[in-house]
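Protein chains: 2
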Amino acid sequence: MKAIIFGLGNFGRSLAVKLTNLRHEVIGVDSNLETVEDLKDQLTIAICMDATDERAVKTLPLRDVDVAIVAIGENEGASILTAALLKKLNAQHIIGRAISPLHQTVLESMGISEIIHPEEDSAERLALRLNLNKLVDSFDLPGDYSIIETAVPDHFIGKSIAEIQPRQNYQVNIITIIRKVPKINMIGAKYEVIEVIGVPEADLVFLEKDILVIFGANKDVQKLAEE
Amino acid sequence: MKAIIFGLGNFGRSLAVKLTNLRHEVIGVDSNLETVEDLKDQLTIAICMDATDERAVKTLPLRDVDVAIVAIGENEGASILTAALLKKLNAQHIIGRAISPLHQTVLESMGISEIIHPEEDSAERLALRLNLNKLVDSFDLPGDYSIIETAVPDHFIGKSIAEIQPRQNYQVNIITIIRKVPKINMIGAKYEVIEVIGVPEADLVFLEKDILVIFGANKDVQKLAEE
Ligand SMILES: Nc1ncnc2c1ncn2[C@@H]1O[C@H](COP(=O)(O)OP(=O)(O)OP(=O)(O)O)[C@@H](O)[C@H]1O
Ligand SMILES: Nc1ncnc2c1ncn2[C@@H]1O[C@H](COP(=O)(O)OP(=O)(O)OP(=O)(O)O)[C@@H](O)[C@H]1O
């Protein structure tokens, strides 16, 4: 896959490097020369350019890439202008970034449907984690169902899935369990690794530090996460 | 739950507002008066203060809150100093924020184990989504298993779960399906809502725009997401 990323701040640079490491071709663009120099060896190509300068942006292979991402954030003006320019130059798949509701509205009115809010999304996930006492992490599903990781309730410990009967008694489906698993390394030394145990068998017994990954209706899942 | 959030930039303010809306007591702290004024009505309390000023921070009820979050980012110096100050004043649960690997290392060496990287985490999730063609979203699990949302493979459409036999033939567990569901509103008008259908029955038939939420070993899950 070919991608162009405009703006190599924290978000843009992490995205560019990650995609390059996943073996995609990434062109990174930033107006700060030092930033471009720093990333030269980590991306396919790093170019120093003002993303709002039409004559410069026109020289990029915009019709040839699969996705063009505007990762400029705080500089909302530049972020919007760059997105507008990409629209004008017919880039095929544009992903924008919005820092404020107004910023979001402007991008949407330009027909940019895919808009990322890095800080807001991370804040939301942390807020949900802090909100539910035993919640370790959660997965966004639309509507009234959730998938969450939660610390095992105390009264499950020492019992098996067959005894607990999560579907009948708690209306949740236990997808899997995350637990520390002892391993032996190449030189015979013991060590522990946090692992997912796969699809659980009915005779699996819950252990003290287990983290359950469960699926169910929000209120049922929250009930377990609050125990 | 009582929380103090230092730094009300994009991340800090979203977190503070979200937690307040979830009915927690939130004290928001920022050195920028305008920022504090803007948030006065949306938080329990908003205070204008330099988070690196020990005499000022000492006046906060640090021993009385459940969590103290340093949401200052770009100003790495202030972010680190604030975290150090909270450590010194014995705040019970400190969550830090790191913008660079050095920033992370300093916080870790101070004994701050919970560190958030808002931009980097969002970049990682977007990179994974772009990497797997039909991937809609993914949930981080340790080790070699994943939960992902993926567009339904073409050859599933029109068949039932019983016919497809996902566990035998694809080694994945279909947790649930996200699809558009027709509804009637209060005045009798029809509309559509994107919903999770709950735990799927064996006779459920896959439809064209379905999004499958599946669990399985990475390579099996990726195989489906690439079809
Ligand atoms: N007109 C422009 N053309 C090219 N690059 C730009 C332009 N304006 C800003 N940038 C670059 O975009 C990057 C992100 O800048 P911005 O000020 O938006 O930061 P930010 O919102 O703090 O980003 P992040 O949160 O990802 O760190 C910077 O490296 C900056 O040099
Ligand atoms: N010493 C300090 N004391 C209190 N507040 C501070 C201090 N330094 C910075 N802040 C506040 O922290 C907030 C975040 O600032 P920072 O420069 O870290 O931005 P940022 O990394 O771009 O944040 P975000 O990505 O969340 O928007 C700002 O509102 C700023 O006023």
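Just so you know, the sequences run in chain order R and V. Taken in order, the first sequence gives residues 1 to 227; the numbers are from my numbering. Taken in order, the second sequence gives residues 1 to 227; the numbers are from my numbering. Beta carbons are placed, not taken as given, at the ideal position from N, Cα and C, and that holds for glycine.
Check                                                                                                                           : Outcome
Residue 216 of chain R classed as buried or exposed, judged by whether at least 16 other C-beta atoms fall within 10 angstroms  : buried
Residue 19 of chain R: contacting residues in chain V (beta-carbon distance under 8 Å)                                          : 127, 130 and 131
Closer than 8 Å to chain V by CB, residue 208 of chain R                                                                        : no
Residue span of the alpha helix (DSSP H) that contains residue 11 of chain R, given as start and end                            : 10-21
Assigned secondary structure, residue 118 of chain V (DSSP; H/G/I helix, E/B strand, else coil)                                 : helix
Heavy atom of ligand 1 within 7 Å of residue 163 of chain V beta-carbon                                                         : no
Listed by chain order, chain R residues near residue 176 of chain V by CB distance under 7 Å                                    : 145 and 215
Contact residues within the region 192-206 of chain V, judged by C-beta distance below 8 Å to chain R                           : 193, 194, 195, 196, 198 and 199
CA-to-CA distance, residue 161 of chain V to residue 17 of chain V, given in whole angstroms                                    : 42 Å
Residue-chain proximity (residue 67 of chain R, chain V), Cβ-Cβ < 8 Å                                                           : yes
contact_flag[the region 87-97 of chain V, the region 49-68 of chain V] where n(CB pairs < 8 Å) is 3 or more                     : yes
Proximity below 8 Å, CB of residue 116 of chain V to CB of residue 122 of chain R                                               : yes
Straight-line Cα distance separating residue 32 of chain R from residue 226 of chain R                                          : 48 Å
Of the residues R:118, R:93, R:22 and R:30, the one placed nearest residue 64 of chain R, counting alpha carbons only           : R:93
Local conformation of residue 207 of chain R per DSSP, three classes                                                            : coil
Same chain, Cβ closer than 7 Å to residue 35 of chain V, neighbours up to 5 away in sequence not counted                        : 8
Reduced DSSP secondary structure (H/G/I, E/B, other) of residue 173 of chain R                                                  : strand
Distance between beta carbons of residue 20 of chain V and residue 42 of chain V, contact taken as under 8 Å                    : 6 Å
Cβ-based neighbour list, residue 103 of chain R, same chain, cut-off 8 Å, excluding 5 preceding and 5 following                 : 76, 79 and 80
Exposure label - residue 140 of chain R; buried when at least 16 CB within 10 Å                                                 : exposed
Distance cut-off 7 Å: residue 60 of chain V Cβ against heavy atoms of ligand 2                                                  : no
Check whether residue 119 of chain V and residue 10 of chain R have beta carbons under 8 Å apart                                : yes
Any C-beta of chain A under 8 Å from that of residue 186 of chain V                                                             : Absence of chain A from the displayed structure is noted, the protein chains being R and V.
CA-to-CA distance, residue 199 of chain R to residue 205 of chain R, given in whole angstroms                                   : 13 Å
Min CB distance residue 173 of chain R to chain V below 8 Å                                                                     : yes
Chain-ordered residues of the region 112-126 of chain R with a beta carbon less than 7 Å from chain V                           : 116, 118, 119, 120, 121, 122, 123, 124 and 126
Chain V residues whose Cβ lies nearer than 9 Å to that of residue 101 of chain R                                                : The contacting residues do not exist; residue 101 of chain R stays about 11 Å from chain V at best.
Residue environment, residue 99 of chain V, which counts as buried when at least 16 other CB atoms sit within 10 Å              : buried
Residue 227 of chain R (DSSP reduced to helix, strand or coil)                                                                  : coil
Residue 97 of chain R - partner residues in DSSP beta bridges                                                                   : R:116
Candidates R:187, R:149, R:101 and R:29: closest to residue 218 of chain R by CA position                                       : R:149
Whole-angstrom distance between residue 159 of chain R and residue 169 of chain V, CA atom to CA atom                           : 32 Å
Residue 77 of chain R: CB within 7 Å of a non-hydrogen atom of ligand 2                                                         : no
Other residues of its chain near residue 192 of chain V: CB distance less than 8 Å, five sequence neighbours each side excluded : 180, 181, 182 and 183
Close beta carbons around residue 224 of chain V, own chain, < 7 Å, minus the five adjacent residues each side                  : 150, 153, 170, 172 and 214
Residue 29 of chain R CB to nearest heavy atom of ligand 1 below 7 Å                                                            : yes
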